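What follows is a single structure, written as structure tokens, with notes after it.
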Amino acid sequence: MPQFQNQDVIELARGAARLLVAPQAGGRLLSCVGRWRDAQGVVRDIPLHGFARDLPFAAQIAPQGDGVRMTLTDSAPTREMCPFGFRFEAEYRLADDTTLDVELTTTNTGDARMPYYAGHHFYFALPHAQRGEATIALPRHVHRRQLPDGTTTEAAPGETHYRFDDAQIIDRFHCLDGEPDTPVRIELPSQQRAIEIDLRRPGTASWYAVTTWTLAPDSDFYCVEPWLGLPDAIHTGLGLRWLEPGETQKAELRIRVSALR
132 MPQFQNQDVI ELARGAARLL VAPQAGGRLL SCVGRWRDAQ GVVRDIPLHG
182 FARDLPFAAQ IAPQGDGVRM TLTDSAPTRE MCPFGFRFEA EYRLADDTTL
232 DVELTTTNTG DARMPYYAGH HFYFALPHAQ RGEATIALPR HVHRRQLPDG
282 TTTEAAPGET HYRFDDAQII DRFHCLDGEP DTPVRIELPS QQRAIEIDLR
332 RPGTASWYAV TTWTLAPDSD FYCVEPWLGL PDAIHTGLGL RWLEPGETQK
382 AELRIRVSAL R
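To convert, count from 1 in the sequence shown and add 131; that's the working numbering.
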């Protein structure tokens, strides 16, 4: 297998597009749960950002070589944190050389009603010196933030456009106000490109929020993360989802890169 950052990766290519995924490192997925008490009163600890991100996923490359499906199923270690039978799948497919289709599929394989929520942790290259000219446009939303004690702030009205040098959007949850009417659009003038994250995928689960985050003022990246629920949703209910035994839910999105004129 090829390597990236000292990890074995699966490499997919279509035209000018190239995709690297590391299924054994959690499939680059974000799942925020936290410490919680189950229906039997057992208190269970779950790592920061959930357990899926650190576990090995089984990977199956599409016959055409344009996609990969990664699968995680319950095991003895997961049942210590999450006492349910499940199958969690992440599929990445290059629709063409500018478009990536992404699908998260969660199935309750057990015999009890199961809570869940998951999300993405997309990083986009953005030199910090270019933050002042780069912008993000968002669908209608209200915004929240997680406080140091783990609680979540009340919702406040959100703007539709921000610059990436706006410190207010670091670690902010942009909670969508109903079904999104527009895609998330990132414009990078110095790079002469735009990135759209289209969350409007009929027939699939609705995305709850888009989180914006970066590490430091001089970090040369920014994260724009579609989530199905907020951190600590198991307690707050903000985006918490439930699956009945045998039920499956899919959450899809599409990322498209285009020239900015």
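Think of the CB as a built atom: it goes at the ideal place given N, C-alpha and C, for glycine as much as any other residue. Every value quoted in this text rests on a predicted model; they were computed, and no experiment measured them.
Within 8 Å, strictly: CB atoms of residue i and residue j
{"i": "Leu444", "j": "Leu143", "result": "With the chain running from 132 to 392 in the structure shown, residue 444 is simply not present."}
{"i": "Tyr353", "j": "Phe219", "result": "no"}
{"i": "Val152", "j": "Met201", "result": "yes"}
{"i": "Pro314", "j": "Glu327", "result": "yes"}
{"i": "Ser389", "j": "Thr291", "result": "no"}
{"i": "Leu231", "j": "Leu150", "result": "yes"}
{"i": "Ser350", "j": "Gln261", "result": "no"}
{"i": "Asp363", "j": "Thr283", "result": "yes"}
{"i": "Thr367", "j": "Val355", "result": "no"}
{"i": "Leu269", "j": "Gly250", "result": "no"}
{"i": "Gly198", "j": "Glu222", "result": "yes"}
{"i": "Pro376", "j": "Asp242", "result": "yes"}
{"i": "Leu369", "j": "Asn239", "result": "no"}
{"i": "Pro438", "j": "Ala207", "result": "Shown here, the chain extends from 132 to 392; a query on residue 438 therefore has no answer."}
{"i": "Arg332", "j": "Glu383", "result": "yes"}
{"i": "Phe182", "j": "Met212", "result": "yes"}
{"i": "Val276", "j": "Ala286", "result": "First, the residue type needs correcting, since residue 276 is Arg and not Val in the sequence shown. No, the Cβ-Cβ distance between Arg276 and Ala286 is not below 8 Å."}
{"i": "Gly216", "j": "Asp227", "result": "no"}
beta-carbon residue i near the ligand ATP non-hydrogen atom, thresh 7 Å
{"i": "Gly241", "result": "As far as ligands go, the structure on display features none, and thus does not contain the ligand ATP."}
Beta bridge counterpart(s) of residue i as assigned by DSSP
{"i": "Gln380", "result": "Thr237"}
{"i": "Phe352", "result": "Ala256"}
{"i": "Arg332", "result": "Answer is none; Arg332 lacks a bridge partner."}
{"i": "Glu327", "result": "Arg316 and Arg387"}
{"i": "Tyr247", "result": "Arg372"}
{"i": "Tyr339", "result": "None, per the DSSP bridge assignment."}
{"i": "Thr283", "result": "Gln277"}
{"i": "His272", "result": "Leu307"}
{"i": "Pro357", "result": "Val341"}
{"i": "Pro362", "result": "DSSP lists no partner for Pro362."}
{"i": "Thr291", "result": "Looking at the DSSP assignment, Thr291 forms no beta bridge with any residue, so it has no partner."}
{"i": "Ile300", "result": "Answer is none; Ile300 lacks a bridge partner."}
{"i": "Pro266", "result": "It should be noted that the sequence gives Thr, not Pro, for residue 266. Per DSSP, Arg294 and Glu318."}
{"i": "Leu150", "result": "Leu143"}
Whole-number beta carbon distance between residue j and residue i, since they are thought to touch under 8 Å
{"i": "Ile267", "j": "Ile301", "result": "Contact doesn't hold; Cβ gap of about 12 Å is too wide."}
{"i": "Glu257", "j": "Leu186", "result": "The sequence given here places Leu at residue 257; Glu does not occur at that position. Not confirmed; about 29 Å, so no contact."}
{"i": "Thr237", "j": "Thr379", "result": "7 Å"}
{"i": "Leu391", "j": "Arg324", "result": "5 Å"}
{"i": "Asp297", "j": "Arg271", "result": "Rounded, the Cβ-Cβ distance is 18 Å, inconsistent with contact."}
{"i": "Val233", "j": "Ile386", "result": "7 Å"}
Please determine if the segment 239-258 and the segment 300-307 are in contact, where contact requires at least 3 C-beta pairs separated by less than 8 Å. no
If we count Cβ pairs, one from each stretch, closer than 8 Å, do we get three or more for the segment 319-338 versus the segment 353-370? yes
If you scan the segment 154-234 from start to end, which runs of the beta strand (DSSP E) of 3 or more residues do you find wholly inside it? 189-192, 198-204 and 217-227
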